[in-house]
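Visitor: For the protein sequence lines, the chains are A and B, in the order given.
Note that the first sequence covers residues 200 to 303 in the working numbering.
Note that the second sequence covers residues 200 to 303 in the working numbering.
Here a beta-carbon is modelled for each residue, glycine too, at the ideal position from N, C-alpha and C.
Model, not experiment: these values are computed from the prediction.
2 protein chains.
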Amino acid sequence: MNNYSNDKMNFADENELYDLAELFKVFGDSTRIRILSALYGRECCVQDIADGLKMTPSAVSHQLKILKQSKLVGNRREGKQIFYFLADDHVRSIIAIGLEHLRE
Amino acid sequence: MNNYSNDKMNFADENELYDLAELFKVFGDSTRIRILSALYGRECCVQDIADGLKMTPSAVSHQLKILKQSKLVGNRREGKQIFYFLADDHVRSIIAIGLEHLRE
DNA sequence: TTATCATTTGAATAATTGTTCATATGTTGA
DNA sequence: TCAACATATGAACAATTATTCAAATGATAA
Chain A
200 MNNYSNDKMN
210 FADENELYDL
220 AELFKVFGDS
230 TRIRILSALY
240 GRECCVQDIA
250 DGLKMTPSAV
260 SHQLKILKQS
270 KLVGNRREGK
280 QIFYFLADDH
290 VRSIIAIGLE
300 HLRE
Chain B
200 MNNYSNDKMN
210 FADENELYDL
220 AELFKVFGDS
230 TRIRILSALY
240 GRECCVQDIA
250 DGLKMTPSAV
260 SHQLKILKQS
270 KLVGNRREGK
280 QIFYFLADDH
290 VRSIIAIGLE
300 HLRE
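(1) Which residues in chain A have a C-beta closer than 7 Å to the C-beta of Ala211(B)? List them in chain order.
(2) Leu148(B) lies in the beta strand (DSSP E); which residues open and close that run?
(3) Whose Cβ in chain A lies nearer than 7 Å to the Cβ of Leu216(B)?
(4) Identify whether Glu303(B) lies in helix, strand or coil by the three-state DSSP scheme.
(5) Taking only three categories from DSSP, how would you classify Arg241(B)?
(6) Run down chain A in chain order and give the residues with a C-beta less than 8 Å from the C-beta of Ser260(B).
(7) So is Phe284(B) in contact with chain A if we call contact Cβ pairs under 8 Å?
(8) Arg291(B) bridges to which residues according to DSSP?
(9) Buried or exposed: where does Asp218(A) fall if 16 or more other Cβ atoms within 10 Å of its Cβ makes it buried?
(10) Output the boundary residues of the beta strand (DSSP E) element that contains Gly273(B).
(11) Does DSSP put Asp247(B) in a helix, in a strand, or in coil?
(12) Is there a C-beta anywhere in chain A that falls below 8 Å from the one on Leu222(B)?
(13) Just list the alpha helix (DSSP H) runs in the region 210-239 of chain B, keeping only unbroken ones of 4 residues or longer that don't cross its boundaries, in chain order.
(14) Answer yes or no: does any C-beta atom of chain A fall closer than 8 Å to that of Ile293(B)?
(15) Take Asp288(B) and list the residues in its own chain whose beta-carbon comes closer than 6 Å to its own, dropping the five residues that flank it on each side.
(16) Looking at chain A, is there any beta carbon in it that lies within less than 8 Å of the beta carbon of Leu301(B)?
As structure tokens, this is what we get:
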């Protein structure tokens, strides 16, 4: 795992801190975290996620839209289905470090 | 069809994911992120933070309590003042990676 | 085209939450 | 002891937001 412990904040200004809070707000919902968790190892279509989390496709779609806007997930169409996947390793790192914190 | 419920993503169970969302919820507020930012390089007492962020000590104290409960900050008393500081490098890492994500 | 499946969208409701204000607690020095 | 300062707490209000429901869009095959 990457070690960011010596990184500086590199002069984050007020606007950037605001955006940062908005980013974590996206992680800060149990439904969205469960969706990200479902996508951690593999891509899934909306119905997969809805089935797995026992939610309506509509509710899942609403949250996927938010995750996409924050660039935490990407998607690709395959016929009628749209598959979603984690956007990059930042997402995995943030989740992994969060879990480390909880498990201490 | 796709069923991920019994194999992947068992790195965290439902309860842990709920706690994880609660953790990120703490990061997901601009006031608290600004407080963490203020504490990134040095410890501060409540009044320092209130002055720096142009907030009332009461509002700062409310948020510091939440940060403390999530173990994102620690504190120590020095006379009348109570100094707060970032609890550990997980906090710095999460902030640093979040900023990286924004800056991409 | 039409039917059907998969997903998205918009509006409304319900629940959560950050700030303010007033008050309380805790610490120090006179 | 008291007074002054620093911080914490509780209640109430205002703003935000996740889910539901109904309807719309997009894609495929007959």
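Guide: On the basis of the data shown:
(1) Per Cβ cutoff of 7 Å: Ser236, Leu298.
(2) Given that chain B is displayed from residue 200 to residue 303, the structure contains no residue 148(B) and the question cannot be resolved.
(3) Under the 7 Å cutoff, chain A gives Ser229, Ile232, Arg233, Ser236.
(4) Residue state, collapsed to three classes: coil.
(5) Residue state, collapsed to three classes: coil.
(6) Think of a sphere of 8 Å around the beta carbon of Ser260(B): no beta carbon from chain A falls inside it, the nearest being about 19 Å out.
(7) Not one chain A Cβ lies under 8 Å of Phe284(B).
(8) The partner list for Arg291(B) (beta bridge, DSSP) is empty, contrary to what the question assumes.
(9) The residue is buried, with at least 16 neighbouring Cβ atoms inside 10 Å.
(10) For Gly273(B), the enclosing beta strand (DSSP E) starts and ends at 272-277.
(11) If DSSP states are grouped into helix, strand and coil, Asp247(B) belongs with the helices.
(12) Judged by the 8 Å Cβ criterion, Leu222(B) is in contact with chain A.
(13) Entirely contained in the region 210-239 of chain B, the alpha helix (DSSP H) runs reaching 4 residues are, in chain order, 213-226, 229-238.
(14) Closer than 8 Å to some Cβ of chain A, the Cβ of Ile293(B) qualifies, so yes.
(15) The answer is none, since no qualifying residue turns up.
(16) Yes, Leu301(B) counts as interfacial toward chain A.
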